[in-house]
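Chains as they are written, first to last, in my numbering: chain A, 2 to 174; chain B, 2 to 174; chain C, 2 to 174; chain D, 2 to 174.
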């Protein structure tokens, strides 16, 4: 996987992102279709949570709208409405449609099996992990923690983990 | 925190565990009280999930029953019934009660603020992370991924993450 | 509200349904938009659960796709793809678009405030309850139980409630 | 089931409750054990929700602590600590222990099969519905709606259902 994402259009970003330009950061690419239920209910909320939890210098979250079915209705305009209604704020690439295949260009080049799919790139820009289907938070966190730790200026994960919890506690008086 | 856990009794293990003997593995100590709601609903199920997900050579999960209130009813026998009903399978240390304090010995020595509390020790046996309250899966995973990666014989986290997901997917035919 | 639903098209039914022809049954009309997040995540799964739980002679569930925004992308074809991906099996009326208003005909005639909206009709065909937003299961069940009991040949609700539960139990040996 | 509850003690009420004195109201009796996981996680939170949602003149929620295992540790003092930690506010009867049986008196007289168990009494004081295991909100609501409607001075269920919902909506501007 030497290629970058091949996008026909980008949302939520003033200019296209290129993996090669993000060297030094961990990059999460979340491939989805707007009418894929597992995407809407699990992987996109998870991507949004990641996007909010991290400083951009450490981790960049990118959505990849890879339409391989229902092409006529999952158009860029439909995606824009979806992104608005679901309040998605991270950059989203529209995987380039191909006239000779039902699969869009990046999905085909990367050999994705469907949606949701998750691709994690290390700070060196190399694909470190790929998953078809939803990856639960614990396992995703583990891979990210490892990737963030590699060649990091400081212990990013441990620092980032310090967050408040809404669950009830028993406090010593 | 140079001391080991000071336990008056152990459950789910034929013999006491000592942190010093677990050098080379990541150790998760989950301090709880059986009648602490946040423990029963969040931190103990999470500890059980960790205990199931990992090979023992990589990660060891230890429960620490640190009773600092309602001492008369959170007895070892009550804990045994609780552990049975909640199907907890990981080793559990009963933090040693002290006659001169409401706090048990390990809780006091470690300066814990209440329950649930989470202590993560790296492969070097040093406390790497501590959290009072429930730590969500994503953040816990990140810290663990980083700790597991340090001096690991192989890329543990990435390997361990390969698990199936029950969430719905859209598969390319 | 004397009018029936004014639909331009129906899905999941060989022929249009009319409220007037459903006299004698309780009817649940769940107004939604396919790109309304609260609909996709809460009210439509609830409608599907109702559709599965009841005999058709007692209760009929009808979806009403009332598009009042993003008209260009929430087309009948897009809805068909959505219904397929979300595995919705109950009859769905497409609320008739109007050239002079952003609101479709039934939504306007019924004075709905948005989506999701729930309308419950008693066995007498009269609107008994209306709710804008998601109605939780307990409250929805209460209204349905009351409506089903009115003039019912038998105690429907009590009979229908006998279902198994997946939650853990403590059984007397 | 002609007998009333046979309790050795009551919590959260200045004096014992008797079903016979609650004629005219719907009564929900939720039998539980404090160390029964399905009770702690499902049936007791549901009972607490019912207790908060209804006016006492319409519906009375009663907990029944029916200990049939681990007797030595599920004592009244332990229950008090549990009730405090889980913030349970509804009246709770401690089912009377019996020297000749592991089952407490009410549990045996009522023929309960274990915990959680739910008994719903109509306004006429007659047992209308019984369920072993957790009963989901929709089905519980249906039975309650029917019971509340019987001989009610007004349409209780429909009136009670008017509550706000935290789920996202799409509002017509």
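C-beta atoms are modelled at their ideal positions from N, C-alpha and C, and glycine is treated no differently. All values reported here derive from a predicted model rather than from experimental measurement.
query: Is the beta carbon of residue 31/A sitting closer than 9 Å to the one on residue 44/A?
result: yes
- prompt: Considering only the beta carbon of each residue, do residue 47/B and residue 136/B sit closer than 9 Å?
  reply: yes
field: residue 8/B vs residue 94/B beta-carbon contact at 9 Å
entry: yes
field: CA nearest to the CA of residue 127/C, picked from 116/C, 38/C and 111/C
entry: 111/C
- prompt: First and last residue of the alpha helix (DSSP H) that includes residue 83/A?
  reply: 77-86
message: Contact criterion: CB-CB distance below 9 Å. Does residue 83/B meet it with respect to chain D?
response: yes
message: Which residue wins for smallest C-alpha separation from residue 56/B, given the options 67/B, 91/B, 34/B and 6/B?
response: 91/B
query: So, is residue 172/B buried or exposed, given that buried needs 16 or more other C-beta atoms within 10 angstroms?
result: exposed
- request: To the nearest angstrom, report how far apart residue 67/B and residue 36/B are at their CA atoms.
  value: 11 Å
task: Compute the beta-carbon to beta-carbon distance between residue 146/B and residue 145/A, rounded to the nearest angstrom, for a pair I have assumed lies under 8 Å.
output: 6 Å
- prompt: Between residue 24/D and residue 140/D, is the Cβ-Cβ spacing less than 9 Å?
  reply: no
Sequence ranges, alpha helix (DSSP H) only - wholly within the stretch 58-133 of chain A, length at least 4: 77-86 and 106-111
query: Between the stretch 50-77 of chain D and chain B, which residues of the former have a C-beta closer than 9 Å to a C-beta of the latter?
result: 70, 71, 73, 74, 75 and 76
- request: Look up residue 154/D in the DSSP assignment and say whether it is helix, strand or coil.
  value: Because residue 154/D sits at a pLDDT of 49, beneath the cut-off of 50, its placement in the model cannot be relied upon, and the point is left open.
- request: Ignore the nearest five residues each way along the sequence and tell me which others in residue 71/D's own chain have a CB closer than 7 Å to its CB.
  value: 36
query: So is residue 42/D in contact with chain B if we call contact Cβ pairs under 9 Å?
result: yes
task: Starting from residue 22/B, find everything on chain A with Cβ-Cβ shorter than 9 Å and list it in chain order.
output: Correct list: empty, because the minimum Cβ distance to chain A is about 24 Å.
query: Secondary structure at residue 37/A, three-state DSSP: helix, strand or coil?
result: coil
- prompt: Taking 8 Å as the line, does the beta carbon of residue 54/D fall inside it for any heavy atom of the ligand COA?
  reply: Looking at this structure, you won't find the ligand COA or any other ligand, since it has none at all.
message: Buried or exposed for residue 117/D, going by 16 or more other Cβ atoms inside 10 Å?
response: buried
- prompt: Are the C-beta of residue 114/C and some C-beta of chain D separated by less than 9 Å?
  reply: yes
query: Can you list, in chain order, the residues of its chain whose CB lies under 6 Å from that of residue 87/C, leaving out five sequence neighbours each side?
result: none
task: May I have the straight-line CA-CA distance separating residue 138/A from residue 50/A, to the nearest angstrom?
output: 10 Å
- prompt: What are the boundary residues of the beta strand (DSSP E) that residue 45/C is part of?
  reply: First-last for residue 45/C: 45-54, but that is the alpha helix (DSSP H), not the beta strand (DSSP E).
query: Do you know how far the Cα of residue 17/A is from the Cα of residue 97/A?
result: 13 Å
query: Which word fits residue 101/A, buried or exposed, when buried means at least 16 other C-beta atoms lie within 10 angstroms of its C-beta?
result: exposed
query: In chain A, which residues lie less than 7 Å from residue 169/B when you measure between Cβ atoms?
result: 38 and 39
message: So residue 122/B and residue 28/B are supposed to be a Cβ contact under 8 Å. How far apart are they, rounded?
response: 4 Å
- prompt: How would you label residue 14/B, buried or exposed, when you count the other beta carbons within 10 angstroms and need 16 or more for buried?
  reply: exposed
- prompt: Taking all protein chains shown into account, do 16 or more other C-beta atoms lie within 10 angstroms of the C-beta of residue 26/A, making it buried, or fewer, making it exposed?
  reply: buried
field: Simplified DSSP assignment, three categories, for residue 16/B
entry: coil
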